[in-house]
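Student:
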Amino acid sequence: MTDHALRSAFVLPRRLRNGGFVVGAAIVGCVIIAALVGPTLVPHDPFAQDLLNRLVPPMWMEGGSAAHVLGTDQVGRDYLARLVYGARISLLIGLSTVIVSGLIGTTLGVAGGFFGGRVDDVVTFIITCRLAVPLILVALAVVSIVGSSFFVVVMTLGLLLWERFAVVARATTAQVRNLDYVTAARAAGCSRGYILLREVLPNILNPLIVVATLEMALAILLEAALSFLGLGVPPPLPSWGLMIAEARDYMFFQAWVIVIPGLALLVFVLGINVLGDGLRDLLAPESRA
Amino acid sequence: MTPVLTVEALRVEIPVKTGLLRAVRGIDLAIRAGETHGLVGESGSGKSLSALGIMGLLPARARRSAAQLRLGAVDLLALDERAMEDVRGDRVAMIFQEPMTSLNPAFTVGAQLTETLRRHRKVSRGEALERAAEMLTRVGISSPRTRLAQYPHQLSGGLRQRVMIAMALLCEPKLLIADEPTTALDVTVQAQILRLLAELQRAMGLAILLITHDLSVVARVAQRVSVMYAGEVVETGAVADVFARPAHPYTRGLMAAVPVPGKVRRGAPLGTIAGVVPSLVGEIDGCAFRARCPSAHDACLRLPPMRSVGDDRRYRCHLPPEVAEARA
Amino acid sequence: MLRFLVRRLALACLVALTVLSLSFALTRLAGDLAVAIAGPSATAADVAAVRTAYGLDRPVLVQFADWALRAAHGDFGQSFFFKEQVATLIADRLPITGTLGLTAIFIALAVSLPLGILAAVKQNTWIDRLATSIALFGQAMPTFWFGLLLMIVFGLRLGWLPISGTGSWRHYVMPGIVLAFTAIPALMRLTRTGMIEVLASDYIRTARAKGLRARAVVLHHALRNAAIPVVSIAAVQLGFMLGGSVVIEQVFALHGVGYLAWESISKNDYPVVQAVVLVLACIYVLLTLIADLLNAFLDPRLRTA
Numbered sequence: 001m002t003d004h005a006l007r008s009a010f011v012l013p014r015r016l017r018n019g020g021f022v023v024g025a026a027i028v029g030c031v032i033i034a035a036l037v038g039p040t041l042v043p044h045d046p047f048a049q050d051l052l053n054r055l056v057p058p059m060w061m062e063g064g065s066a067a068h069v070l071g072t073d074q075v076g077r078d079y080l081a082r083l084v085y086g087a088r089i090s091l092l093i094g095l096s097t098v099i100v101s102g103l104i105g106t107t108l109g110v111a112g113g114f115f116g117g118r119v120d121d122v123v124t125f126i127i128t129c130r131l132a133v134p135l136i137l138v139a140l141a142v143v144s145i146v147g148s149s150f151f152v153v154v155m156t157l158g159l160l161l162w163e164r165f166a167v168v169a170r171a172t173t174a175q176v177r178n179l180d181y182v183t184a185a186r187a188a189g190c191s192r193g194y195i196l197l198r199e200v201l202p203n204i205l206n207p208l209i210v211v212a213t214l215e216m217a218l219a220i221l222l223e224a225a226l227s228f229l230g231l232g233v234p235p236p237l238p239s240w241g242l243m244i245a246e247a248r249d250y251m252f253f254q255a256w257v258i259v260i261p262g263l264a265l266l267v268f269v270l271g272i273n274v275l276g277d278g279l280r281d282l283l284a285p286e287s288r289a
Numbered sequence: 001m002t003p004v005l006t007v008e009a010l011r012v013e014i015p016v017k018t019g020l021l022r023a024v025r026g027i028d029l030a031i032r033a034g035e036t037h038g039l040v041g042e043s044g045s046g047k048s049l050s051a052l053g054i055m056g057l058l059p060a061r062a063r064r065s066a067a068q069l070r071l072g073a074v075d076l077l078a079l080d081e082r083a084m085e086d087v088r089g090d091r092v093a094m095i096f097q098e099p100m101t102s103l104n105p106a107f108t109v110g111a112q113l114t115e116t117l118r119r120h121r122k123v124s125r126g127e128a129l130e131r132a133a134e135m136l137t138r139v140g141i142s143s144p145r146t147r148l149a150q151y152p153h154q155l156s157g158g159l160r161q162r163v164m165i166a167m168a169l170l171c172e173p174k175l176l177i178a179d180e181p182t183t184a185l186d187v188t189v190q191a192q193i194l195r196l197l198a199e200l201q202r203a204m205g206l207a208i209l210l211i212t213h214d215l216s217v218v219a220r221v222a223q224r225v226s227v228m229y230a231g232e233v234v235e236t237g238a239v240a241d242v243f244a245r246p247a248h249p250y251t252r253g254l255m256a257a258v259p260v261p262g263k264v265r266r267g268a269p270l271g272t273i274a275g276v277v278p279s280l281v282g283e284i285d286g287c288a289f290r291a292r293c294p295s296a297h298d299a300c301l302r303l304p305p306m307r308s309v310g311d312d313r314r315y316r317c318h319l320p321p322e323v324a325e326a327r328a
Numbered sequence: 001m002l003r004f005l006v007r008r009l010a011l012a013c014l015v016a017l018t019v020l021s022l023s024f025a026l027t028r029l030a031g032d033l034a035v036a037i038a039g040p041s042a043t044a045a046d047v048a049a050v051r052t053a054y055g056l057d058r059p060v061l062v063q064f065a066d067w068a069l070r071a072a073h074g075d076f077g078q079s080f081f082f083k084e085q086v087a088t089l090i091a092d093r094l095p096i097t098g099t100l101g102l103t104a105i106f107i108a109l110a111v112s113l114p115l116g117i118l119a120a121v122k123q124n125t126w127i128d129r130l131a132t133s134i135a136l137f138g139q140a141m142p143t144f145w146f147g148l149l150l151m152i153v154f155g156l157r158l159g160w161l162p163i164s165g166t167g168s169w170r171h172y173v174m175p176g177i178v179l180a181f182t183a184i185p186a187l188m189r190l191t192r193t194g195m196i197e198v199l200a201s202d203y204i205r206t207a208r209a210k211g212l213r214a215r216a217v218v219l220h221h222a223l224r225n226a227a228i229p230v231v232s233i234a235a236v237q238l239g240f241m242l243g244g245s246v247v248i249e250q251v252f253a254l255h256g257v258g259y260l261a262w263e264s265i266s267k268n269d270y271p272v273v274q275a276v277v278l279v280l281a282c283i284y285v286l287l288t289l290i291a292d293l294l295n296a297f298l299d300p301r302l303r304t305a
């Protein structure tokens with residue numbers, strides 16, 4: 001009992017962290033709602049140019065008007081409309097990329113962790129090669145060579161962002177494989193496939209969900225970077241990164257043109273990360289049971 | 001003669017989720033120079049926390065209080081952290097249970113030894129190494145110069161514990177606190193370490209507070225013993241007396257639980273003490289042992305007084321000395 | 001120890017070879033390279049001429065072998081656009097990216113280490129929360145946006161720092177800070193967790209029992225052990241930074257290797273793209289090797305094992 005007391009004197013209360021989960025979930029929830037219903041609620045068309053109303057500042061600044069709550073961009077398109085539509089893009093890219101990279105990474109990682117030996121050596125080698133390759137450059141090159149489209153961006157990022165899935169899946173699978181109930185299942189004569197599906201997979205799910213949130217955030221940031229450099233989703237689709245790139249020429253005198261989409265990115269990604277951290281704390285003690 | 005260590009009403013309390021854990025609930029200790037005092041008790045009885053409390057090494061959330069806490073003439077309660085840092089390692093030293101992890105793996109043995117010396121004394125590097133080598137020889141380590149240049153992971157558990165002892169005694173402290181120093185070691189090595197401690201004590205006039213759960217260790221090297229249960233000292237006295245004629249029911253239970261070759265009949269059941277240690281969170285009404293005591297009666301709901309047997313022994317029980325002795 | 005080195009070198013060569021093949025395959029994604037090089041207004045004759053001129057009519061495997069053998073000697077061919085040897089182009093620009101990377105990792109360590117140590121020693125206080133917040137924001141911040149913001153504030157509004165080019169050390173401050181923030185979250189968290197773990201260990205208790213001053217215990221005994229993984233991860237992070245510097249180089253107009261790669265990608269200058277991917281990958285592999293060596297050097301248990 002005294003040992004427990006000694007240990008708990010050093011550990012900080014978990015209550016602090018769970019607040020993060022709530023905040024993160026709230027932010028992500030807002031963005032999802034904005035993405036789903038926003039475009040129908042906002043009165044403007046994100047693609048409609050209005051050259052008479054270029055670079056109107058947001059409502060709370062001088063020269064702003066209630067007609068365009070967040071102002072307009074350099075060709076007169078309503079910022080709020082584009083922002084909300086951009087949320088859809090970020091969300092879609094994030095989710096699709098994570099699905100692709102999750103599948104690839106988990107398959108590799110589970111294979112390595114479960115079979116061990118030569119298979120594991122090969123998997124580790126593949127992961128090392130992937131880490132050696134400069135991520136953004138290759139993504140840029142592929143999109144440039146193959147042509148820019150939503151599908152290409154998702155596939156490229158999905159085929160490149162799987163390494164954390166693989167590493168975590170491999171480590172947890174190896175751990176689970178050595179646990180007693182898996183040995184029991186093998187002793188009872190269960191097939192490898194059955195063991196993989198019924199014993200291993202459910203138990204590695206929790207850490208992988210956490211990885212998924214973090215990778216989704218990363219995918220969104222990367223897509224923004226690609227769009228910023230002109231090699232992301234094709235214009236006129238209002239990716240937030242593209243909005244920043246397009247506004248770059250005007251940013252010195254109207255800083256809000258880049259602050260608004262950048263802030264949207266920051267808040268959304270922050271929300272996802274905080275949600276992921278919160279999930280990790282909520283799921284961690286149970287996954288070890 | 002002033003005792004080297006005087007402890008009176010030492011309390012250690014740790015706030016936990018469910019309340020306040022009273023790990024040490026007012027213990028008294030007195031140790032004289034050249035004496036080994038055993039502090040015996042099961043895990044969770046509060047012996048380690050008592051030692052950490054004396055040293056001022058409790059975790060940040062723990063709270064310590066005492067009526068008296070003196071090292072010789074020095075009042076430890078009045079010292080701030082910096083003054084306490086000066087005392088530690090110099091006037092009082094402590095060695096711990098796990099020699100395998102108690103030395104820093106990134107520094108050589110020599111570096112860690114000389115560090116202690118140079119912290120508390122004005123000596124040059126060369127002289128510090130000299131003295132460290134001497135000390136290593138004194139604790140029975142051969143080729144000390146080689147050992148000084150080695151890293152902890154290159155030494156065995158027994159050797160590491162000897163290094164710990166050397167490190168603790170380098171500044172010639174008045175008191176050595178040894179918290180389960182032999183528990184993690186092989187039986188043969190245990191005997192060697194205990195013999196070493198006894199030798200060094202004779203040579204240096206050292207006072208030793210030996211914390212252990214192993215009664216045989218106490219029997220072998222200690223002159224006096226205090227038995228702890230649930231954060232309190234329930235009996236204290238000369239080892240020979242306490243072991244031959246235990247006055248407190250808990251001590252009696254402990255003695256009965258140790259099988260002595262020759263005395264125990266084959267096939268007879270081992271002595272046990274029924275029940276479990278009570279929770280130390282919150283208050284305990286009356287005697288902490290009453291739930292498990294074969295002699296418990298109504299009076300035990302009140303906190304028992306500390307009774308004396310002769311002028312040397314004390315125990316905390318309602319049963320008067322004659323009855324307690326008779327039941328021994 | 002020697003066996004370990006040899007094995008790692010062999011692995012490194014294998015990785016380099018794989019990346020070599022990957023970068024070759026990358027540029028062949030376009031389908032017919034000759035068409036891409038010749039341009040949209042080329043006639044069939046033009047395309048055929050281009051094909052023979054660049055040796056694109058040979059079988060793919062021959063092309064690959066040729067590229068691989070030449071690359072092993074540092075000959076990456078000639079750039080389509082710059083009309084110079086690719087190797088020279090890269091060599092000229094590598095110092096800029098290198099300076100940027102080293103500046104960034106230095107800043108990252110200078111921020112992460114003290115913050116991480118303080119956060120660990122004073123857990124749950126404002127400084128711990130500050131450190132965690134910095135890590136969270138650093139992770140979520142789009143690097144190009146951060147760069148642009150710094151430009152506006154420190155370049156334009158305050159006028160302290162230049163916003164583009166590579167003239168002096170001042171040109172590397174803002175890009176260095178932005179790049180540093182890609183590594184600060186990981187390094188700070190690692191330092192903090194490492195210190196917390198180490199501070200709870202037995203040898204720290206021994207150090208305190210010896211009467212060592214609190215600062216000596218933390219900065220000498222604890223940090224020495226907690227820093228081991230941080231230093232080696234920092235080397236790996238430097239590798240990531242060098243590979244990912246393209247965005248920052250573009251924002252701040254630093255003509256380094258990343259900028260070169262981006263230009264070449266936009267201009268379909270395939271030899272350059274191929275070569276840059278390979279060179280950056282090799283640098284990364286080298287850095288991971290250095291990370292392992294650092295680990296072994298700092299941890300005596302690994303040295304004599």
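Sequence lines, in order, name chains C, A and E.
Note that the first sequence covers residues 1 to 289 in the working numbering.
Note that the second sequence covers residues 1 to 328 in the working numbering.
Note that the third sequence covers residues 1 to 305 in the working numbering.
We put the beta carbon where it would ideally sit given N, CA and C, even for glycine.
#1: Take L201 of chain C as the anchor and find which of C:V168, C:L222, C:R280 and C:V233 has the nearest alpha-carbon.
#2: Who are the Cβ neighbours of R160 of chain A in its own chain at under 8 Å, not counting the five residues just before and after it?
#3: Distance check for A119 of chain E and L11 of chain E, CA to CA, integer angstroms please.
#4: Could you tell me which whole beta strand (DSSP E) segments of length 3 or greater appear in the region 286-315 of chain A?
#5: Please confirm if A9 of chain C has its CB atom under 8 Å from at least one CB of chain E.
#6: Whose Cβ in chain A lies nearer than 9 Å to the Cβ of D32 of chain E?
#7: Just reading off the beta strand (DSSP E) that A51 of chain A is part of, what are its end residues?
#8: Report back the beta-carbon spacing between Q97 of chain A and T6 of chain A to the nearest angstrom; my notes put them in contact at under 8 Å.
#9: By DSSP's criteria, P15 of chain A is part of a beta bridge. Which residues make up the other side?
#10: With DSSP collapsed to three states, give me the class of A184 of chain A.
#11: Do A244 of chain A and E235 of chain A have their C-beta atoms closer together than 8 Å?
#12: With DSSP run on the structure shown, which of helix, strand or coil describes D292 of chain E?
#13: Report the rounded CA-to-CA distance for D121 of chain C versus A235 of chain E, giving the unit in angstroms.
#14: If you measure between the beta carbons of V19 of chain E and V133 of chain C, is that distance less than 8 Å?
#15: Can you tell me the Cβ-Cβ gap for A296 of chain E and L302 of chain E, rounded? I've got them flagged as a contact below 8 Å.
#16: When you compare only the Cα positions, how much space is there between S191 of chain C and T106 of chain C?
#17: Short of 7 Å in beta carbon distance, which residues of its chain neighbour S112 of chain E, apart from the five on each side in sequence? Order them along the chain.
#18: Give the residues of chain E in contact with T114 of chain A, contact being defined as C-beta atoms less than 9 Å apart.
#19: Assign T182 of chain A to buried or exposed, taking buried as 16 or more other Cβ atoms, counted over all protein chains shown, within 10 Å of its Cβ.
#20: Please state the DSSP three-state secondary structure of L177 of chain A.
#21: Run through chain C and tell me which residues come within less than 9 Å of P175 of chain E, C-beta to C-beta.
#22: Do you know offhand how far D277 of chain C's Cα is from P142 of chain E's?
#23: Rounded to whole angstroms, what's the CA-CA distance from I204 of chain C to T172 of chain C? Just pull it up for me.
#24: Taking the alpha carbon of A225 of chain C as the point to measure from, which residue in E:G244, E:N225, E:F137 and E:W126 has its own alpha carbon closest?
#25: Going by other Cβ atoms of all chains shown within 10 Å of its Cβ, with 16 needed for buried, is S168 of chain E buried or exposed?
#26: Which word fits I33 of chain C, buried or exposed, when buried means at least 16 other C-beta atoms lie within 10 angstroms of its C-beta?
#27: Which chain C residues sit within Cβ distance under 9 Å of A140 of chain E?
#28: Quick check: what's the CA-CA separation for V74 of chain A versus L254 of chain A?
#29: Out of A:T2, A:L20, A:G126 and A:I27, which one is the CA nearest neighbour of Y229 of chain A?
#30: Spatial neighbours of A104 of chain E within its chain, please: C-beta separation below 6 Å, excluding the five flanking residues on both sides.
#31: Tell me the DSSP secondary structure of R63 of chain A in three-state form.
#32: What residue does the alpha helix (DSSP H) around R70 of chain A start on, and which one ends it?
#33: Is F146 of chain E buried or exposed, if buried means 16 or more other CB atoms sit within 10 Å of its CB?
#34: How would you write the range of the beta strand (DSSP E) that E232 of chain A sits in, first residue to last?
Tutor: Straight from the coordinates:
#1: Numbered from 1 along the first sequence, position 201 holds the residue referred to as residue 201 of chain C. Measuring from the Cα of L201 of chain C, the nearest candidate turns out to be C:V168.
#2: What you label residue 160 of chain A is simply residue 160 of the second sequence in a count that begins at 1. Closer than 8 Å at Cβ, skipping near neighbours: P99, M100, S102, L103 and P152.
#3: In the third sequence, counting from the first residue as 1, residue 11 of chain E sits at position 11. In the third sequence, counting from the first residue as 1, residue 119 of chain E sits at position 119. Using only the alpha carbons, I get a separation of about 38 Å.
#4: With a minimum length of 3 residues, the continuous beta strand (DSSP E) runs that stay inside the region 286-315 of chain A are 306-309.
#5: Reading the first sequence from its first residue, position 9 is the one you call residue 9 of chain C. Unreliable positioning characterises A9 of chain C in this predicted model, as indicated by a pLDDT of 45, which lies under 50. A coordinate reading is not provided.
#6: Taking the third sequence and counting its residues from 1, one reaches residue 32 of chain E at position 32. What D32 of chain E touches in chain A: nothing, since even the nearest Cβ is about 59 Å away.
#7: Taking the second sequence and counting its residues from 1, the one referred to as residue 51 of chain A is at position 51. First-last for A51 of chain A: K47 to M55, but that is the alpha helix (DSSP H), not the beta strand (DSSP E).
#8: As a position in the second sequence, residue 97 of chain A is number 97, starting the count at 1. As a position in the second sequence, residue 6 of chain A is number 6, starting the count at 1. With a Cβ gap of about 25 Å, Q97 of chain A and T6 of chain A do not count as contacting.
#9: Translated into the one-based positions of the second sequence, residue 15 of chain A becomes position 15. Paired residues: A:L20.
#10: The residue labelled residue 184 of chain A in the question sits at position 184 within the second sequence. Note: A184 of chain A maps to coil in three-state DSSP.
#11: Residue numbering aside, residue 244 of chain A sits at position 244 when the second sequence is read from its first letter. Residue numbering aside, residue 235 of chain A sits at position 235 when the second sequence is read from its first letter. Cβ distance not < 8 Å, so A244 of chain A and E235 of chain A don't count as in contact.
#12: The residue you call residue 292 of chain E lines up with position 292 of the third sequence. Three-state result, D292 of chain E: helix.
#13: Residue numbering aside, residue 121 of chain C sits at position 121 when the first sequence is read from its first letter. Residue numbering aside, residue 235 of chain E sits at position 235 when the third sequence is read from its first letter. Cα to Cα, the separation comes out at about 23 Å.
#14: As a first step, residue 19 of chain E must be located in the third sequence, where it is residue number 19. As a first step, residue 133 of chain C must be located in the first sequence, where it is residue number 133. Yes.
#15: Within the third sequence, residue 296 of chain E is the residue found at index 296, counting from 1. Within the third sequence, residue 302 of chain E is the residue found at index 302, counting from 1. The pair is a contact, with the Cβ atoms about 5 Å apart (cut-off 8 Å).
#16: Here residue 191 of chain C refers to the residue found at position 191 when the first sequence is read from its first residue. Here residue 106 of chain C refers to the residue found at position 106 when the first sequence is read from its first residue. Whole-angstrom Cα-Cα distance: 20 Å.
#17: In the third sequence, residue 112 of chain E corresponds to position 112, counting from 1. Excluding residues within five positions, the ones whose Cβ falls inside 7 Å are I184, L187, M188 and T191.
#18: Taking the first residue of the second sequence as 1, we reach residue 114 of chain A at position 114. Those do not exist, as T114 of chain A stays about 11 Å from chain E at its closest Cβ, beyond 9 Å.
#19: Along the second sequence, read from residue 1 onward, the residue named residue 182 of chain A stands at position 182. T182 of chain A is buried by the Cβ-count criterion.
#20: Residue mapping note: residue 177 of chain A aligns to position 177 of the second sequence, counting from 1. The sequence as given places Ile at residue 177 of chain A; Leu does not occur at that position. The answer is strand: DSSP assigns I177 of chain A an E or B state.
#21: Translated into positions along the third sequence, residue 175 of chain E becomes position 175. Those do not exist, as P175 of chain E stays about 15 Å from chain C at its closest Cβ, beyond 9 Å.
#22: For this step, residue 277 of chain C is matched to residue 277 along the first sequence. For this step, residue 142 of chain E is matched to residue 142 along the third sequence. Each residue's Cα considered, the two are about 19 Å apart.
#23: On the first sequence, position 204 is the one that residue 204 of chain C refers to. On the first sequence, position 172 is the one that residue 172 of chain C refers to. Roughly 6 Å between the two C-alpha positions.
#24: For the purposes of this step, residue 225 of chain C is taken as residue 225 along the first sequence, with counting starting at 1. Comparing Cα positions, the closest option is E:G244.
#25: Indexing the third sequence from 1 puts residue 168 of chain E at position 168. So S168 of chain E counts as exposed.
#26: In the first sequence, residue 33 of chain C corresponds to position 33, counting from 1. Counting Cβ neighbours within 10 Å, I33 of chain C comes out exposed, since fewer than 16 surround it.
#27: Looking up residue 140 of chain E in the third sequence gives position 140. Within 9 Å Cβ-Cβ: A217, L221, L265, L266, V267, F268, V269, L270, G271, I272, N273 and V274.
#28: Numbered from its first residue, the second sequence carries residue 74 of chain A at position 74. Numbered from its first residue, the second sequence carries residue 254 of chain A at position 254. The alpha-carbon atoms of V74 of chain A and L254 of chain A are separated by roughly 36 Å.
#29: Walking along the second sequence from the start, residue 229 of chain A turns up at place 229. Answer by Cα proximity: A:I27.
#30: As a first step, residue 104 of chain E is located in the third sequence; it is residue number 104 there, counting from the start. Within its own chain, the residues whose Cβ lies closer than 6 Å to the Cβ of A104 of chain E, once the five positions on either side in sequence are excluded, are G176, L179, A180 and M241, listed in chain order.
#31: Within the second sequence, the letter at position 63 stands for residue 63 of chain A. Reduced to three states, the DSSP call for R63 of chain A is strand.
#32: Translated into positions along the second sequence, residue 70 of chain A becomes position 70. For R70 of chain A, there is no enclosing alpha helix (DSSP H); the enclosing beta strand (DSSP E) has its first and last residue at Q68 to L71.
#33: Position 146 of the third sequence, counted from the first residue, corresponds to residue 146 of chain E. Classification for F146 of chain E: buried.
#34: Counted from its first residue, the second sequence places residue 232 of chain A at position 232. E232 to A238 is the span of the beta strand (DSSP E), which, as asked, contains E232 of chain A.
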